[in-house]
Structures are given as C-alpha cells and as structure tokens.
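Single-structure report; data block below.
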Amino acid sequence: MYKVQYARSVLTKDIPKLKSANLIEQFFREMETVKANPFIGKVLAGPLKGKRSVRINLQHRIFYTTDQRKIIVDGVEYEGTINVLQALGHDFS
C-alpha cells in the first residue's frame with residue numbers, strides 16, 4: 203500500500219467543496235482504489251506529463267503523482283507515496 207499526502211489546497215479548499223457537493227464518498231472510494239494501485243490512473247501528457255488522474259464523476263478528477271521510493275512511517279512500511287495535487291475540477295490548475 204502507498205502512503206497518501208494531500209496538498210494543502212486539497213485539504214482546505216477541495217475537500218470542503220466535495221462535501222458540500224455530496225461527492226466526498228466517491229472521492230474516498232477512488233482514493234482507496236488509487237492507494238491499492240496508484241498506476242490505475244490515466245497517464246497525462248503535455249504540460250501535465252508525470253501526473254495521473256482518476257475521475258470522481260464526469261466533471262471532476264483527482265490529479266496526483268506517485269513516488270515509488272519505499273518509506274517507513276511509525277513502523278509501517280509503504281511501497282511509496284501518492285501526492286494528491288488537486289481533487290476537484292476538470293483541469294489541473
């Protein structure tokens with residue numbers, strides 16, 4: 203399993219908006235899938251090269267990167283880190 207780190211804007215802006223839009227359950231469902239297999243997301247190209255995305259619904263996507271360096275946090279070994287960059291929106295900005 204991978205450790206997940208959220209960008210500050212995801213925690214302060216995106217998650218509250220997901221809650222008010224009744225999309226928070228779908229978000230966490232998708233994040234569980236990504237944590238189990240971070241390579242499931244669509245590989246992005248062009249200026250977004252190196253990033254991946256998975257859809258929450260037709261309008262919104264989660265944008266993230268993956269670091270495959272193994273880490274140990276509080277005695278738990280992780281295969282790597284998933285950095286969630288944005289969790290609400292159609293395009294990465």
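All residue numbers for the sequence shown refer to the numbering used here, where the first residue is 203 and numbers rise by one.
Where is the CB? At the ideal position from N, CA and C, for every residue including glycine.
Backbone CA spacing between K215 and G277 [nearest angstrom]:
Spanning the two alpha carbons is a distance of roughly 31 Å.
Please classify G252: is it buried, with 16 or more other beta-carbons within 10 angstroms of its beta-carbon, or exposed?
Exposed: under 16 other Cβ atoms inside 10 Å.
According to the neighbour-count rule (16 or more other Cβ atoms, all chains shown, within 10 Å of its Cβ), is D227 buried or exposed?
In the sequence on display, residue 227 carries Glu and not Asp. With fewer than 16 neighbouring CB atoms inside 10 Å of its own CB, E227 falls in the exposed class.
Could you check which residue in R210, R271, V286, I274 has the C-alpha nearest to that of F265?
If we check each option's Cα against that of F265, V286 comes out closest.
Please state whether the Cβ-Cβ distance between K205 and G282 is less than 9 Å.
In this structure, K205 places its C-beta atom within 9 Å of the C-beta atom of G282.
What are the residues that DSSP puts in a beta bridge with R271?
Listed as beta-bridge partners of R271 by DSSP are no residues whatsoever.
Coarse secondary structure for Q228, derived from DSSP in three states
The three-state secondary structure of Q228, taken from DSSP, is helix.
Let me check one thing: in DSSP terms, what residues is R257 bridge-paired to?
In the DSSP assignment, R257 is bridged to R263.
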